[in-house]
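Peer 1: Quick one: the structure is below, and I'll ask about it shortly.
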Amino acid sequence: MPELLFYQRPTVLNKDAHKSIRFSPVKDFGFTRDVNSVPLLAIEFFEASRDLPVLFSQDKDGSYFPIALLSLKNQGHDQVDDSGRWQGNYTPAFIRRYPFVLSNDKNVCFDADYVGLAEADLEAAAEGEAEGNLLFADDGAYTDTLNKIIEFVTNFDAEHLRTREFCEAASEADLFKPFVLQVVTADQKPLRLDGLFVIDENKLMTLEDDVVTQWFRKGYLAWAYAHLHSLGAIARLSDKLNTRS
28 MPELLFYQRP
38 TVLNKDAHKS
48 IRFSPVKDFG
58 FTRDVNSVPL
68 LAIEFFEASR
78 DLPVLFSQDK
88 DGSYFPIALL
98 SLKNQGHDQV
108 DDSGRWQGNY
118 TPAFIRRYPF
128 VLSNDKNVCF
138 DADYVGLAEA
148 DLEAAAEGEA
158 EGNLLFADDG
168 AYTDTLNKII
178 EFVTNFDAEH
188 LRTREFCEAA
198 SEADLFKPFV
208 LQVVTADQKP
218 LRLDGLFVID
228 ENKLMTLEDD
238 VVTQWFRKGY
248 LAWAYAHLHS
258 LGAIARLSDK
268 LNTRS
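Counted from 1, the sequence shown has number 80 at position 53 by the working numbering; the numbering is strictly sequential.
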């Protein structure tokens, strides 16, 4: 999974170096504008499937991971307006966690280029007019803001692990099959999206009973069918692009 997509200058958060930093939540999602998909957590399949197709891709090691397809373009999407406001009904957690992320050794990191993280203006802070919330208290303790951020990115990583286990189980069961999406735009220009995979429903239905029971208890079975249900959202993306798919 491309963990650091969108992050220009990942920096480890430090209570001494960043004690006066204030954080303002993301309002402008324009930083996502150039991609046509983002990684998705399996637990998100249910909500995302109402609005976005859930497909699978492969990383450089050949491991499968789920993605939310944001558009049928080869590059870019229309889920944000000109001012950067998110227009879709669902915003993937991969986007919502920005500008924070956990490193492999579980340190909280942030994108130092994010405009909503800035050193506090002492004069403005004294007058109660400083924008954003501090991440650290005067004694170096975590503020409620930072605790919520840590909770979010920690839960994200835990669900990322569950998602990876689900994909490994589906791969071991040989359930993935290639899915090529071909689109003809309104001006008759062909577009082709490949490198995508879906779960083969026929093979899913032939799983042994004991495997089905395991998958049901782990939530895998529900995730698989939420993914298959989401394929109907391709038509919605096609309508947005004024295409015939």
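Backbone N, C-alpha and C fix where the C-beta goes; we use that ideal spot for every residue, glycine too.
Can you tell me which of the three DSSP states PHE121 falls into?
Peer 2: Along the sequence shown, one-based indexing puts residue 121 at 94. In the structure shown, PHE121 sits in a helix (DSSP, three-state: H, G or I).
Peer 1: Just checking, does the segment 60-71 make contact with the segment 126-141 on the three C-beta pairs under 8 Å criterion?
Peer 2: no
Peer 1: With the cut-off set at 9 Å, would you say GLN106 and LEU97 are in Cβ contact?
Peer 2: Here the question's residue 106 lines up with position 79 in the sequence shown. Here the question's residue 97 lines up with position 70 in the sequence shown. Against a cut-off of 9 Å, the Cβ pair of LEU97 and GLN106 comes out as a contact.
Peer 1: Tell me the start and end of each unbroken beta strand (DSSP E) in the segment 216-247 that is at least 3 residues and wholly inside, in chain order.
Peer 2: 217-226
Peer 1: Since ARG49 sits in a beta bridge, which residues does DSSP pair it with?
Peer 2: Your numbering for residue 49 matches position 22 in the sequence shown. In DSSP, ARG49 forms a bridge with ALA145 and LEU161.
Peer 1: Grab the span of the beta strand (DSSP E) containing SER64 for me, first residue to last.
Peer 2: Against the sequence shown, residue 64 aligns to sequence position 37. Residues 64-66.
Peer 1: With respect to the beta strand (DSSP E) encompassing THR38, which residues constitute its N-terminal and C-terminal limits?
Peer 2: Numbered from 1 along the sequence shown, position 11 holds the residue referred to as residue 38. Start and end: 37-39.
Peer 1: When you measure from the CB of ASN174 to every non-hydrogen atom of the ligand FAD, does any distance come out below 8 Å?
Peer 2: The model on display carries no ligand, and the ligand FAD is accordingly not part of it.
Peer 1: Check whether the segment 66-81 and the segment 180-187 touch, using three or more Cβ-Cβ pairs below 8 Å as the test.
Peer 2: Flag = yes, the segment 66-81 and the segment 180-187 touch.
Peer 1: Look at the alpha carbon of GLY115 and the alpha carbon of PRO80, and state the distance between them as a whole number of angstroms.
Peer 2: Here residue 115 corresponds to residue number 88 of the sequence shown, with the count starting at 1. Here residue 80 corresponds to residue number 53 of the sequence shown, with the count starting at 1. Distance between the alpha carbons of GLY115 and PRO80 is about 13 Å.
Peer 1: So, for ALA125: in the same chain, excluding its five sequence neighbours on each side, which residues have a beta-carbon less than 8 Å away from its beta-carbon?
Peer 2: Your numbering for residue 125 matches position 98 in the sequence shown. Position check: residue 125 holds Tyr in this sequence, whereas Ala was assumed. PHE33, TYR34, VAL53, PHE58, ASP138 and TYR141.
Peer 1: Since VAL128 is in the beta strand (DSSP E), which residue starts that stretch and which ends it?
Peer 2: Position 101 of the sequence shown holds residue 128. From DSSP, the beta strand (DSSP E) with VAL128 extends over 127-129.
Peer 1: Around the C-beta of ALA44, are 16 or more other C-beta atoms found within 10 angstroms, so that it is buried, or is it exposed?
Peer 2: As a working mapping, residue 44 is identified with position 17 in the sequence shown. ALA44 is exposed by the Cβ-count criterion.
Peer 1: PHE92 and CYS194 look like a contact to me (Cβ under 8 Å); what is the Cβ gap, rounded to whole Å?
Peer 2: Here the question's residue 92 lines up with position 65 in the sequence shown. Here the question's residue 194 lines up with position 167 in the sequence shown. Confirmed, Cβ separation roughly 6 Å.
Peer 1: For ALA95, report the span of its beta strand (DSSP E) as first-last.
Peer 2: By one-based count along the sequence shown, residue 95 stands at place 68. Here the beta strand (DSSP E) through ALA95 covers 91-96.
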